[in-house]
Amino acid sequence: MKEKVAVKLCKCILLLCVLFAQWGHAEEEITKERKLKAAYVLNFIKYMSWPVDSGAQNEFRLCVHSDEPFYHFMQALVTRHNQGANKVRIVVGHTLQEPLCHLAYFQSSIEQSLIQIRRAVVVVESLDVKQVHAAIRFYTQAQKVRFEFDIAQLAKVDVIASSELLKLARIIR
Numbered sequence: 001m002k003e004k005v006a007v008k009l010c011k012c013i014l015l016l017c018v019l020f021a022q023w024g025h026a027e028e029e030i031t032k033e034r035k036l037k038a039a040y041v042l043n044f045i046k047y048m049s050w051p052v053d054s055g056a057q058n059e060f061r062l063c064v065h066s067d068e069p070f071y072h073f074m075q076a077l078v079t080r081h082n083q084g085a086n087k088v089r090i091v092v093g094h095t096l097q098e099p100l101c102h103l104a105y106f107q108s109s110i111e112q113s114l115i116q117i118r119r120a121v122v123v124v125e126s127l128d129v130k131q132v133h134a135a136i137r138f139y140t141q142a143q144k145v146r147f148e149f150d151i152a153q154l155a156k157v158d159v160i161a162s163s164e165l166l167k168l169a170r171i172i173r
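Position 76, counted from 1, in the sequence shown is what full-length UniProt numbering calls 76; the numbers after and before it change by one each time, with no gaps.
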């Protein structure tokens, strides 16, 4: 009897070890730093104003050009956002597949000209990413995630960042 219980217990422990190993591997696919950047991007939307004729007040289009783990993490954040009592519904899609983007996030550069981002706020994951018309750039300083705003680029797309948001950023003029 004790042997049967011990065997069942061993099987359960083995199953849990396999599940935790898979979960741990999935967590490694996206770093804490990148999760923080995703959360920042979602909050940028809340503290910025797009032109009335952009349609961003009804359905906001967030376009992402990144690896799949980051894209899926961003989708999960947006799903949680949309379930809340938020006024604006956010739709997340791949940058190259969306016909229109209000905000476009780039993990890496794209050399081709993209019509869907010509009126978008372009956010890049690091200072190493060289994307045309980048308005917001993430960088790391003293092991902390920081960001900078290019005010001229925001003005070109008629987007206004709140003063509260700009207080947290390094400003590029």
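Just so it is clear, CB atoms sit at the ideal spot from N, CA and C, and this is done for glycine as well.
Nearest-angstrom Cα separation, counted from residue 152 out to residue 73: 30 Å
Check whether residue 64 and residue 92 have beta carbons under 8 Å apart: yes
query: Per DSSP, which one or two residues make a beta bridge with residue 49?
result: BP columns for residue 49 point to 160.
*asked:* According to DSSP, is residue 169 part of a helix, a strand, or is it coil?
replied: coil
- Query: Does the segment 122-132 come within contact of the segment 105-114, defined as at least 3 CB pairs closer than 8 Å?
  - Reply: The segment 122-132, when compared against the segment 105-114, does touch it at the 8 Å Cβ threshold.
The segment 70-85 / the segment 37-57 touching (three or more Cβ pairs under 8 Å) = Yes, the segment 70-85 is in contact with the segment 37-57.
Restricting to Cα atoms, I'd like to know which of 87, 66, 57 is closest to residue 123. If you compare the alpha carbons of 87, 66, 57 with that of residue 123, the shortest gap goes to 66.
Less than 8 Å between C-beta atoms, sequence neighbours within five positions excluded: which residues of the same chain meet that for residue 82? 89, 90
Fill in: Element boundaries [beta strand (DSSP E), containing residue 59]
59-65
Quiz prompt | Cβ-based burial, residue 157 [other Cβ within 10 Å; buried from 16] | solution = buried
**OP:** Going by CA-CA distance only, name the one from 115, 116, 118, 138 that's closest to residue 193.
**Re:** The question about residue 193 has no answer here: the residues shown for the chain are numbered 1 through 173.
- prompt: Is the distance from the Cβ of residue 54 to the Cβ of residue 94 below 8 Å?
  reply: In this structure, residue 94 does not lie closer than 8 Å to residue 54 by Cβ.
Check: Secondary structure at residue 144, three-state DSSP: helix, strand or coil?
Finding: If DSSP states are grouped into helix, strand and coil, residue 144 belongs with the strands.
**Item:** Strand pairing of residue 94, partner residues [DSSP]
**Value:** Paired residue(s): 64.
Self-check item: Pairwise C-alpha distance: residue 159 and residue 49
Solution: One C-alpha to the other measures close to 6 Å.
Problem - Counted within 10 angstroms of its Cβ, other Cβ atoms place residue 15 as buried (16 or more) or exposed - result: With a pLDDT of only 32 at residue 15, under 50, the local geometry of the prediction cannot be trusted, and the value read off the model is given with reservation. Looking at its Cβ environment, which holds fewer than 16 other Cβ atoms inside 10 Å, residue 15 is exposed.
If you drop the 5 nearest sequence neighbours on each side, which residues of the same chain put their C-beta closer than 6 Å to that of residue 150? 135, 172
Inter-residue Cα distance where the pair is residue 161 and residue 47
6 Å
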